[in-house]
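In terms of the numbering used here, the sequence shown opens at residue 222 and continues consecutively. Idealized CB from N, CA, C, for every residue including glycine.
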Amino acid sequence: MSMDTTPPTTTTPSAATNRKRKPLESRSSSAITEDIAHVVNIKDNEQQHAINIRSNRNNQHYAIIDEERDEDTKKKDAKAKGISSTFKSIFNFVFNLVMKVRAIVYEHIPFLARLEEAYNRLPCHIRALLFCTFVVVKFAVSFFIMQHVFAYIHGDSNAGFGFGGAAVVAGPGGSVSRDHQASTARHLQPAASEMSTNGSFRGINANNKSAQHTSSTHENNNNHRQKNVQLTSAVEHADTDNTAMNANAANDEGGGDLEPFRILHIVTALSEYNNGKRFTVAGEDRLSELLVPVLQYCVESMLTQPGWEVDVYLVLGWSLKPERRKIIEDALPPGVGLEIWDNATPIGYDLKNAGTRRKEKDEKLSEITRALARQHRFVIKDKLDEYDFFSVWEDDMLISSDHISNFLELTEMFENLAKDAPKTSDPKAYHGELSETQLKRLVPGFIRVEALLDPNQETFKVAGIDIDKNVSIDPSFCCGIPPSFKLLSNPPNKPEAEHLMMWETGIKGLGVREIHPLGWFALQIGPKNLRRTEEIASYWSGEDGAFGDEKRPRGGEPKMFGQQGGYMLTRDQVIFFQEEACKDGFLPPFDHPFVDDGLHMVNVEFWSGGYQHFGGNGHFVQGCNMQRVISLEPEKFSKQLLYHTANNKQKQITKARQSNVNTVFQQLHTVKKAAIAKKSR
């Protein structure tokens with residue numbers, strides 16, 4: 222193997238490489254520093270120059286803007302000065318004019334000048350007081366002038382506007398006319414019901430937690446829960462102000478087409494089947510064998526009156542199945558609207574039954590069944606402007622057109638009397654005229670009765686008062702039912718006068734009074750703690766010592782109060798209850814002094830039996846103190862008796878509390894004769 226031993230090639234330096242370089246001059250560090258500083262100064266000068274150029278440009282731009290602003294400001298100032306000058310000129314002109322007028326007035330009426338001088342000499346606080354008084358008087362005069370101008374423009378001497386902004390017109394019989402009703406109804410009327418997706422209405426829920434017709438107090442109440450209500454058959458009606466009596470009279474005279482008299486019949490039912498309590502048979506079908514037949518009879522009777530239209534609203538304490546709902550629908554005549562609120566029983570912490578455990582943590586929510594009777598008040602508020610008359614009852618109360626017609630007739634009589642009634646009357650007198658205030662508090666009352674299932678049963682008779690056998694009741698008005706009318710108790714179709722019993726009150730709880738010129742009436746107990754001018758005196762049945770040393774029952778004495786099992790009111794009366802008679806309110810919301818939205822310590826008798834309507838002060842809520850009166854004319858008295866179709870009280874109530882209805886009526890006529898004799902002395 223051979224190896225390359227050739228030596229490496231060498232390069233000959235070029236001519237440029239061979240030239241000698243010029244040696245650098247040696248310089249001191251101070252000179253170098255000066256050179257660097259010079260260069261830096263040059264750059265700084267260039268930067269400063271650029272900055273100065275930009276600054277000059279900005280200054281020129283801002284100067285232009287300032288000039289434009291100055292021009293705008295000058296224009297505005299000139300305009301403002303012009304306006305100010307104009308106003309100043311106007312002010313000076315007006316001021317000079319006023320001063321000239323003042324001088325002329327003072328020249329012709331020197332008294333005003335002296336009056337001004339005297340005013341200026343008064344202390345400052347006296348002048349301020351007089352000035353405020355002048356302002357108030359001035360505005361009052363202006364208000365009344367505007368009121369009369371308003372009345373003149375509208376052509377109504379009674380029309381006007383108040384501080385509430387609503388026209389108020391006195392209507393027939395001292396009642397509120399439609400102008401006032403419309404204003405009041407707007408205050409009470411809730412929002413319209415919400416249309417559901419299936420075309421039915423969903424307007425009310427069981428405890429009003431989110432219903433549109435309740436207040437925020439009810440919406441936020443933790444005791445509330447939602448329930449659905451559907452309107453299965455809605456009938457559109459025109460709004461009306463005519464009473465049934467006026468409507469029928471106009472029809473008889475051939476007055477042509479009239480707006481219908483619209484009635485809402487509200488029925489509250491707790492149980493679908495009897496539970497065996499209160500002498501009922503457990504498992505009996507209360508819906509189909511009591512509620513439906515009674516409801517059918519009531520509606521068909523009301524529809525016999527010309528011009529009357531009836532809708533039904535059921536408030537139920539259970540969930541209604543579709544097949545059971547069909548039973549109700551089939552029983553009602555065509556054209557009758559049906560709205561059902563099922564599962565309507567309120568729930569809450571029932572402190573009434575909790576006792577000493579009311580603060581324990583183991584309390585549970587439960588249904589407060591006694592408050593089911595409260596729920597119809599929400600219905601009335603929701604429907605107030607849609608109906609002329611409200612008939613509100615428990616499911617076993619038989620109501621006919623005779624009851625309603627008689628109620629309307631008596632109500633109209635009281636209203637007509639109130640128009641020309643004196644302002645005051647003798648509060649101790651049991652005869653003669655009543656004042657306007659007293660007449661406004663009169664309402665036709667009712668007494669519940671039952672037909673004796675055993676005709677041979679003797680009812681308790683009160684000794685000490687003779688019986689006037691020249692008079693007698695007519696049971697057909699209250700208790701005559703068709704043969705096909707089958708009920709659980711299987712009552713007689715045509716009971717005799719001597720076979721009716723009453724238990725809610727008796728002769729000891731009644732007095733008589735002459736209401737001139739209408740005649741004599743029986744007065745029931747209830748009102749209390751009234752002002753002297755509001756009291757309505759009556760001649761008590763025990764006035765002549767018929768009951769020995771017994772004193773007259775007062776106020777809400779339970780054995781003599783006379784629970785009605787419901788009530789009926791016109792729209793005007795509902796408004797009067799809400800705005801005047803019931804100090805704590807008649808319609809929701811049930812705020813203070815109600816406790817727990819009206820769920821605490823308030824029973825069925827308070828809501829529907831009459832304790833609030835016709836009583837005075839209660840545990841928490843002040844009663845409405847309406848005075849119930851019952852005519853002593855045999856026919857009218859019979860139309861103020863209500864048939865309790867369950868017929869179970871004659872078994873449940875002790876004999877000592879039972880009275881023969883006809884006997885009590887005959888005894889009342891004996892008491893009336895005694896009152897007349899005393900009056901003549």
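For residue 758, which of helix, strand or coil comes out of DSSP? coil
Could you pull out every residue in the same chain whose Cβ sits closer than 6 Å to the Cβ of residue 792, ignoring the five residues on either side in sequence? 609
Across which residues does DSSP place residue 488 in a beta bridge pair? 535 and 614
Quick check: the Cα distance between residue 423 and residue 847, rounded to an integer number of angstroms? Residue placement at residue 423 is flagged as unreliable, the pLDDT there being 32, under the threshold of 50; a coordinate-derived value is accordingly withheld.
Is the segment 530–545 touching the segment 586–596, taking contact as three or more C-beta pairs under 8 Å? yes
Opposite residue 670 in the DSSP bridges: which residues? 864
Quick one: Cα of residue 663 to Cα of residue 827, how far? 19 Å
DSSP state of residue 665, grouped into three classes? strand
Reducing DSSP to helix, strand and coil, say where residue 426 ends up. With a pLDDT of 35 at residue 426, under the threshold of 50, the modelled position of this residue cannot be trusted; read the value that follows with caution. Residue state, collapsed to three classes: coil.
Mind checking which residues open and close the alpha helix (DSSP H) that includes residue 219? As displayed, the chain neither begins before 222 nor continues past 902, which places residue 219 out of reach and without an answer.
Using 8 Å as the threshold, is the segment 684–703 in touch with the segment 737–745, meaning 3 or more CB pairs across them? Touching, no, given that fewer than three Cβ pairs across the two stretches are closer than 8 Å.
Which partner residues does residue 494 have in the DSSP bridge list? DSSP lists 506 as partners of residue 494.
Just tell me which of 759, 899 and 724 has its CA closest to the CA of residue 743. 759
One or two residues paired with residue 743 in a DSSP bridge: 733 and 851
Note down the Cα distance separating residue 867 from residue 617, rounded to an integer number of angstroms. 6 Å
Do you know offhand how far residue 746's Cα is from residue 360's? Whole-angstrom Cα-Cα distance: 48 Å.
Cβ neighbour criterion (16 or more within 10 Å) applied to residue 687: exposed
Nearest-angstrom Cα separation, counted from residue 585 out to residue 884: 50 Å
Consult DSSP for residue 511 and reduce its assignment to one of helix, strand or coil. helix
Between which two residues does the beta strand (DSSP E) harbouring residue 788 extend? 787–791
Using the DSSP secondary-structure output, state which residues sit across from residue 482 in a beta bridge. 529
Residue 724 bridges to which residues according to DSSP? BP columns for residue 724 are empty, so no partner.
Coil, strand or helix - residue 266 by DSSP: helix
Would you mind sorting residue 336 into buried or exposed? The rule is 16 or more other CB atoms within 10 Å of its CB. exposed
Label residue 481 either buried or exposed according to how many other C-beta atoms from any shown protein chain fall within 10 Å of its C-beta, with 16 as the threshold for buried. buried
Between the Cα of residue 638 and the Cα atoms of 647, 659 and 619, which residue gives the shortest distance? 659
Classification of residue 353 by the beta-carbon crowding that lies within 10 angstroms, buried from 16 upward: exposed
Residues bridged to residue 833 [DSSP beta-bridge criterion]: Beta-bridge pairing links residue 833 to no other residue.
C-alpha distance - residue 757 paired with residue 849, whole-angstrom precision: 11 Å
In or out: residue 445 buried (at least 16 other Cβ within 10 Å) or exposed? Low confidence applies to residue 445: its pLDDT is 35, below 50, so where it sits in the model is not reliable, and the reading given next is rough at best. The residue is buried, with at least 16 neighbouring Cβ atoms inside 10 Å.
First through last residue of the alpha helix (DSSP H) which encompasses residue 570: Taken as a continuous stretch (DSSP letters only), residue 570 belongs to no alpha helix (DSSP H), as it is neither H nor E.
Please report the residue range of the alpha helix (DSSP H) in which residue 678 lies. Here residue 678 belongs to no alpha helix (DSSP H), and DSSP marks it neither H nor E.
Taking the alpha carbon of residue 869 as the point to measure from, which residue in 890, 317, 772 and 670 has its own alpha carbon closest? 670
CB of residue 600 within 8 Å of CB of residue 487, strictly: yes
Classify residue 588 as helix, strand or coil using the three-state DSSP reduction. strand
Helix, strand or coil: which one does DSSP assign to residue 784? coil
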